[in-house]
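Same order as they appear, the protein sequences are chains A and B. If you count by numbering that gives the first Met the number 0, then the first sequence holds residues 0 to 500, one letter each, in order. If you count by numbering that gives the first Met the number 0, then the second sequence holds residues 0 to 292, one letter each, in order. Backbone N, C-alpha and C fix where the C-beta goes; we use that ideal spot for every residue, glycine too. I have placed the structure first, in the form of structure tokens, so that the comments after it can refer back to it.
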Amino acid sequence: MATVQRPDSAEVSDALEAGLAALEARARELNDLNVFPVADGDTGTNMLLTAAAAVTAARDARRPELSTRIARAALEGARGNSGMILSQLLRGAAEVLDGARALDGPLVARALRGASRAADAAVREPVEGTMLTVARAMADAAERRQAAGWRPALAAAIAEGWEAVARTRDQLDRLRTAGVVDSGGLGLVVLLDGVTAHLEGRDPAPPPERVVVDQAAIDHPPSRFRYCTTFIVDGPGVDVDRLEREMEGLGDSLLVMGDPLRAKVHVHTDEPDRALTRAAALGAVGPPSIEDMRRQSAERAARLAAAARLEERRACGALVLSPSPEFDAIVLGLGGVGVREGDDAELARLAATMAADELVLVAAPGRAAEGAVTVESASPVEALAAMVVFDGARGAEANREEMAEAAAAVLSVEVDRTADGAAVARWPGGELAAAGLPEVVRDLAGRMAEEGRGLLTVLIGRNAGCGPAEVEAWARAGAPAGEVEAHDGGLTGPALLIGAE
Amino acid sequence: MDPSTRLDATTTAVVTDSAADLPVEGRAPNWRVVSIPLHFGSRTYRPGEDIDAAEFYRLLPRADVMPTTSQPSAADLEAVYREVLEDYDSLLVLHLSGKLSGTVDAARAAAREIGEERVAVIETARVSLGLAQLVHRVQARLEAGTTLAEVEDFVSGTLPSSGCIFTVETLEFLQRGGRIGRAQALAGSMLRVRPILALQDGEVGPIGRVRGGHRVLPAMRAALEERTEARGRVHIALGHADRPEGLAALEAMVREARPEAVVDFAGELGPTVGTHGGPGLLGLGYLHDPVDR
């Protein structure tokens with residue numbers, strides 16, 4: 000029952016919009032599943048951004064240049080490994096669809112084959128058990144059913160796609176260990192199922208109720224290299240092969256795609272600046288996207304652990320208003336769940352879903368959540384002190400009492416650089432200035448030790464420009480007998496926030 | 000054994016095991032300490048015989064594979080009991096808690112083989128300093144003359160008024176050995192927290208966690224004050240795992256909190272308990288003996 004239709008740009012665009020919506024609905028799930036090639040937990044986001052760029056282009060473009068527009072837009076919008084590969088899949092499919100006169104079985108098969116081939120050709124070291132494997136399986140299935148018409152061909156491709164995704168778990172060791180399927184492959188089927196569902200007038204396949212990922216599989220450092228770096232290099236006359244050679248040795252997960260008019264680079268590296276400098280010799284480099292994968296990975300680990308915490312049956316749960324994902328992770332280890340300051344809707348949702356019998360909320364004075372006993376804390380370091388004595392096995396009121404006492408025992412000190420390059424520490428009723436951050440931390444530690452505050456907890460701000468080991472060494476220089484512990488706090492305010500107890 | 004059988008220290012032996020952290024000095028002639036086998040890499044040791052605490056804590060940091068413990072077989076125990084019974088009329092068997100080890104089950108099987116008229120296996124529900132304290136107090140009864148019924152009443156009757164309070168450097172050892180129970184909730188923190196733990200009824204449970212070395216002893220003191228009576232004598236035993244410098248402050252804390260306390264002994268925790276608590280463990284056992292009232 001081959002239906003003859005002309006796939007005009009409006010239809011292509013509508014169908015792609017539906018695919019995009021399906022992808023968007025499951026983006027977080029895809030992020031959570033992401034363990035390969037790098038467990039940075041951003042596959043869903045990357046595929047979504049890439050597909051969104053393609054859809055926007057499809058909406059605005061007219062045939063016959065539709066395929067070029069889609070290909071270009073997808074490549075420009077591509078982020079991450081999965082996004083780069085998706086852009087090539089879209090390019091391969093668009094090139095076939097561009098020249099098509101009617102939507103029929105062979106067209107579906109050719110489009111899927113074109114997609115699969117384009118992606119295979121673009122990846123230097125293809126690995127099985129990934130998007131590439133899933134795309135190839137879908138093309139195979141569509142070819143087997145192409146004579147029956149576009150609907151059976153697409154349906155067969157989708158059905159085989161789900162199967163192929165399920166098989167990825169056994170094709171890659173990393174996936175097997177984590178007990179998950181390949182997130183990029185799943186994203187691809189979700190996208191195409193969304194498109195097909197629109198064409199067939201049905202709903203896309205529903206997501207699973209919950210995603211289970213073995214924590215151990217994502218706890219290891221996500222990559223040898225820290226920054227996922229992507230940027231455009233504009234021609235005319237970009238030597239794509241040479242561009243690729245120039246990028247080699249700077250890191251791994253290297254993908255260089257495109258043509259002499261416009262190429263795109265994706266590389267995991269510790270030296271994004273060097274990558275940009277080298278590329279600049281070969282063309283005009285556009286604004287880069289530089290993602291800190293360690294940070295992304297920590298955020299995802301925290302999200303999964305928080306989900307488990309919410310479901311825990313215990314006498315009391317704890318929600319903590321938190322400035323950052325880094326702080327969330329510390330709070331999680333102490334038995335609580337972090338909620339971003341200002342996100343009242345999320346606070347209400349978490350308060351309502353927490354499975355514990357009672358609830359405490361660690362927050363600034365005056366904040367409250369339905370059904371929660373508020374433990375007042377004026378700063379994140381006070382909140383940590385409160386959480387150290389939190390005990391999920393006793394009631395909210397007993398917790399509040401001891402937690403409030405612990406929070407009140409902490410002196411919060413904000414340390415920041417001054418305009419003249421020196422640094423200053425400020426706390427209620429006191430101030431101390433010194434030549435720089437190291438000096439001010441050292442002097443502060445000495446001063447606090449004299450006042451009987453021998454335990455310092457340091458949360459390091461995002462722009463502090465120093466790491467935990469350095470800060471701990473500075474503090475030890477000022478108070479050799481004291482105890483100090485520093486963590487990246489992800490704070491956007493002061494360079495350092497120090498709790499002295 | 001008939002519950003009314005008269006027992007004394009010259010005719011009755013006490014068998015315990017290496018999970019009772021009895022100091023080597025001051026052991027009575029009628030005691031016998033069975034080794035709980037310790038597996039360290041491919042080697043099996045017999046704590047108290049071919050490995051002592053000092054050697055164990057020297058080997059521990061260099062080990063690729065962490066040590067584990069198993070349990071003596073019923074046949075091993077039977078042989079020991081028979082040997083002891085050559086010199087004594089009766090035998091009181093006080094092994095570590097059945098919740099922590101199958102040793103007491105093997106002991107019962109061994110006793111059945113020998114004949115239960117001379118051997119009494121008692122579930123102590125204790126381990127480490129708590130088990131050592133129990134042996135000490137049972138010995139006091141034997142020296143004064145007692146009966147099996149009295150000993151059994153004492154062992155079960157003092158369960159609520161005895162226990163251990165301790166802190167560990169890391170929960171890693173307890174976790175790996177699966178001996179952590181409800182204290183699991185204390186694990187997994189990015190912040191360096193020091194757990195304060197209790198051992199009662201043969202199970203490890205959490206009391207709380209603190210940050211900062213200066214808060215450890217106050218937290219242990221609060222737990223001690225909560226668990227012991229303010230008036231009257233309380234028996235105390237102190238122990239450390241490769242952390243001898245901690246003992247003096249621990250003893251000072253006990254004397255301040257409970258001026259009438261009797262510190263029965265203080266010493267190093269052996270390889271058996273060290274396998275499950277790890278180096279750096281510092282703790283105390285407490286016991287109120289009804290005869291002191």
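field: Inter-residue Cα distance where the pair is A/Gly183 and A/Ala297
entry: Working through the first sequence from its first residue, we reach residue 183 of chain A at position 184. Working through the first sequence from its first residue, we reach residue 297 of chain A at position 298. Computed Cα separation, rounded: 20 Å.
message: Rounded to the nearest angstrom, what separates A/Val3 and A/Pro105 at their Cα positions?
response: Mapped onto the first sequence, residue 3 of chain A falls at position 4. Mapped onto the first sequence, residue 105 of chain A falls at position 106. Residue placement at A/Val3 is poorly supported in this model, since its pLDDT is 40, which falls under 50; the coordinates are not used for a value here.
task: May I ask whether a heavy atom of the ligand GDP can be found less than 7 Å away from the beta carbon of A/Val264?
output: The model depicted lacks the ligand GDP and carries no ligand whatsoever.
task: Check the C-beta distance from A/Gly18 over to A/Val194 and give it rounded, since I have them as a contact under 8 Å.
output: Numbered from its first residue, the first sequence carries residue 18 of chain A at position 19. Numbered from its first residue, the first sequence carries residue 194 of chain A at position 195. The distance from the Cβ of A/Gly18 to that of A/Val194 is about 4 Å, consistent with a contact at the 8 Å cut-off.
task: Examine chain C for any beta-carbon lying closer than 8 Å to the beta-carbon of A/His265, and answer yes or no.
output: Considering every chain present, this structure includes no chain C. Its protein chains are A and B.
- prompt: Helix, strand or coil: which one does DSSP assign to A/Asp181?
  reply: As a working mapping, residue 181 of chain A is identified with position 182 in the first sequence. Three-state result, A/Asp181: coil.
- prompt: Taking DSSP as the reference, what is the three-state secondary structure of A/Glu482?
  reply: Position 483 of the first sequence, counting from 1, holds the residue named residue 482 of chain A. The DSSP-derived three-state label of A/Glu482 is strand.
Neighbour flag for B/Met189 against chain A, beta carbons, 8 Å: Position 190 of the second sequence holds residue 189 of chain B. Chain A contact via Cβ: present.
- prompt: Residues of chain A with CB under 9 Å from B/Arg210, in chain order?
  reply: Counting from 1 along the second sequence, the entry for residue 210 of chain B is found at position 211. Ordered by position in chain A, the residues that pass the 9 Å Cβ test against B/Arg210 are Leu383, Ala384, Val387, Leu454, Thr456, Glu482, Glu484 and Glu500.
- request: Would you give the residue range spanned by the beta strand (DSSP E) that A/Gly445 belongs to?
  value: For this step, residue 445 of chain A is matched to residue 446 along the first sequence. Unbroken run through A/Gly445 is the alpha helix (DSSP H), Leu436 to Glu449; no beta strand (DSSP E).
field: Host beta strand (DSSP E) of B/Thr11 (start-end)
entry: Numbered from 1 along the second sequence, position 12 holds the residue referred to as residue 11 of chain B. Counting along the chain, the unbroken beta strand (DSSP E) around B/Thr11 starts and ends at Thr11 to Asp16.
- prompt: In the structure shown, what three-state DSSP assignment does A/Ala158 receive?
  reply: Here residue 158 of chain A refers to the residue found at position 159 when the first sequence is read from its first residue. Helix.
- prompt: Name the residues in the region 192–205 of chain B whose C-beta lies less than 7 Å from a C-beta of chain A; which are they?
  reply: Under the 7 Å Cβ criterion, the region 192–205 of chain B contributes Val192.
- prompt: Within this structure, are the beta carbons of A/Val133 and A/Gly113 separated by less than 8 Å?
  reply: Locating residue 133 of chain A in the first sequence gives position 134, where the first residue counts as 1. Locating residue 113 of chain A in the first sequence gives position 114, where the first residue counts as 1. Result no, Cβ atoms of A/Val133 and A/Gly113 do not sit closer than 8 Å.
message: For a test of the three-state rule: what should DSSP assign to A/Phe224, helix, strand or coil?
response: Position 225 of the first sequence holds residue 224 of chain A. It is coil, neither helix nor strand.
- request: On a CA-only basis, which of B/Ile50, B/Val134, B/Tyr56 and B/Asp16 is nearest B/Ala27? Give me that one, please.
  value: Reading the second sequence from its first residue, position 28 is the one you call residue 27 of chain B. Checking every option, the nearest Cα to that of B/Ala27 belongs to B/Val134.
- prompt: By Cβ distance below 6 Å, which residues in the same chain neighbour B/Gln138 in space, the five residues on each side in sequence not counted?
  reply: Taking the first residue of the second sequence as 1, we reach residue 138 of chain B at position 139. The answer, listed in chain order, is Ala27.
message: Are the CB atoms of B/Glu259 and B/Gly284 within a distance shorter than 8 Å?
response: In the second sequence, the residue the question calls residue 284 of chain B occupies position 285. In the second sequence, the residue the question calls residue 259 of chain B occupies position 260. No; because the gap between Cβ atoms is not below 8 Å, this pair is not in contact.
Residues of its chain near A/Val338, where Cβ-Cβ distance is below 8 Å and the 5 sequence neighbours each way are ignored: Counting from one through the first sequence, the residue named residue 338 of chain A turns up at place 339. Excluding sequence neighbours, A/Val338 sits near Leu318, Val319, Leu320, Ser321, Glu345, Leu346 and Leu349.
query: Looking at C-alpha atoms only, which residue of A/Asp415, A/Arg273, A/Leu29 and A/Pro271 is the closest neighbour of A/Leu458?
result: The count along the first sequence starts at 1 and reaches residue 458 of chain A at position 459. Ranking A/Asp415, A/Arg273, A/Leu29 and A/Pro271 by Cα distance to A/Leu458 puts A/Asp415 first.
- request: Could you tell me whether the Cβ atoms of B/Ser127 and B/Leu268 are closer together than 8 Å?
  value: The residue given as residue 127 of chain B occupies position 128 in the second sequence. The residue given as residue 268 of chain B occupies position 269 in the second sequence. B/Ser127 is a Cβ neighbour of B/Leu268, given a cutoff of 8 Å.
message: Applying the 10 Å Cβ sphere with the 16-neighbour rule, what's the burial state of B/Val192?
response: Residue 192 of chain B sits at position 193 when you count from the first residue of the second sequence. Counting Cβ neighbours within 10 Å, B/Val192 comes out buried, since at least 16 surround it.
Cα-Cα separation, B/Ser96 to A/Val34: Numbered from 1 along the second sequence, position 97 holds the residue referred to as residue 96 of chain B. Numbered from 1 along the first sequence, position 35 holds the residue referred to as residue 34 of chain A. Rounded to the nearest angstrom, the two C-alpha atoms are 44 Å apart.
Beta-ladder partner(s) of A/Lys263, from DSSP: Mapped onto the first sequence, residue 263 of chain A falls at position 264. Per DSSP, the beta bridge partners of A/Lys263 are A/Ile231 and A/Met256.
- prompt: When you compare each of A/Ala279, A/Pro479, A/Leu383 and A/Gly282 to A/Glu325 by their alpha carbons, which one comes out closest?
  reply: Numbered from 1 along the first sequence, position 326 holds the residue referred to as residue 325 of chain A. When each option's Cα is compared against that of A/Glu325, the closest is A/Leu383.
query: Excluding five sequence neighbours on each side, which residues of the same chain lie with their C-beta closer than 8 Å to the C-beta of A/Pro207?
result: Position 208 of the first sequence, counting from 1, holds the residue named residue 207 of chain A. Answer for A/Pro207: Glu28, listed in chain order.
- request: List the DSSP bridge partners of B/Glu267.
  value: Numbered from 1 along the second sequence, position 268 holds the residue referred to as residue 267 of chain B. Under DSSP, B/Glu267 takes part in a beta bridge, and its partners are B/His239.
- request: Indicate whether the contact test is met: 3 or more Cβ pairs, each with one atom in the region 211–221 of chain B and one in the region 3–13 of chain B, closer than 8 Å.
  value: No, because fewer than three Cβ pairs between the region 211–221 of chain B and the region 3–13 of chain B fall closer than 8 Å, the two stretches do not touch.
field: Nearest to A/Leu504 (by Cα), restricted to the options A/Ala314, A/Gly492 and A/Arg302
entry: For chain A, the structure presents residues 0 to 500; residue 504 of chain A sits outside this window and is missing.
- request: Please name the residue, chosen from A/Glu500, A/Leu309, A/Val255 and A/Asp13, that lies closest to A/Asp238 on a Cα-to-Cα basis.
  value: Taking the first sequence and counting its residues from 1, the one referred to as residue 238 of chain A is at position 239. Taking the Cα of A/Asp238 as reference, the smallest distance to any Cα among A/Glu500, A/Leu309, A/Val255 and A/Asp13 is reached at A/Val255.
query: Near B/Thr67, what residues of its chain come up, given a Cβ to Cβ distance below 6 Å and the 5 sequence neighbours on each side ignored?
result: Here the question's residue 67 of chain B lines up with position 68 in the second sequence. Correct list, in chain order: His38.
field: Pairwise C-alpha distance: A/His265 and A/Arg201
entry: Working through the first sequence from its first residue, we reach residue 201 of chain A at position 202. Working through the first sequence from its first residue, we reach residue 265 of chain A at position 266. Going by the C-alpha atoms only, they are around 36 Å apart.
- request: To the nearest angstrom, report how far apart B/Ala229 and A/Ala377 are at their CA atoms.
  value: One-based indexing of the second sequence puts residue 229 of chain B at position 230. One-based indexing of the first sequence puts residue 377 of chain A at position 378. Cα atoms of B/Ala229 and A/Ala377: separation of roughly 38 Å, rounded to the nearest angstrom.
Rounded separation between A/Trp426 and A/Leu436 - CA only: Counted from its first residue, the first sequence places residue 426 of chain A at position 427. Counted from its first residue, the first sequence places residue 436 of chain A at position 437. C-alpha separation (whole angstroms): 16 Å.
- prompt: Around the Cβ of A/Met0, are there at least 16 other Cβ atoms within 10 angstroms (buried) or fewer (exposed)?
  reply: Numbered from its first residue, the first sequence carries residue 0 of chain A at position 1. With a pLDDT of only 36 at A/Met0, under the threshold of 50, the placement of this residue in the model should not be trusted, and no figure is reported.
Members of the region 304–334 of chain A that neighbour chain B once the beta carbon cut-off is set at 7 Å: Ala328, Ile329, Gly332, Leu333 and Gly334: these are the residues of the region 304–334 of chain A whose beta carbon lies less than 7 Å from some beta carbon of chain B, given in chain order.
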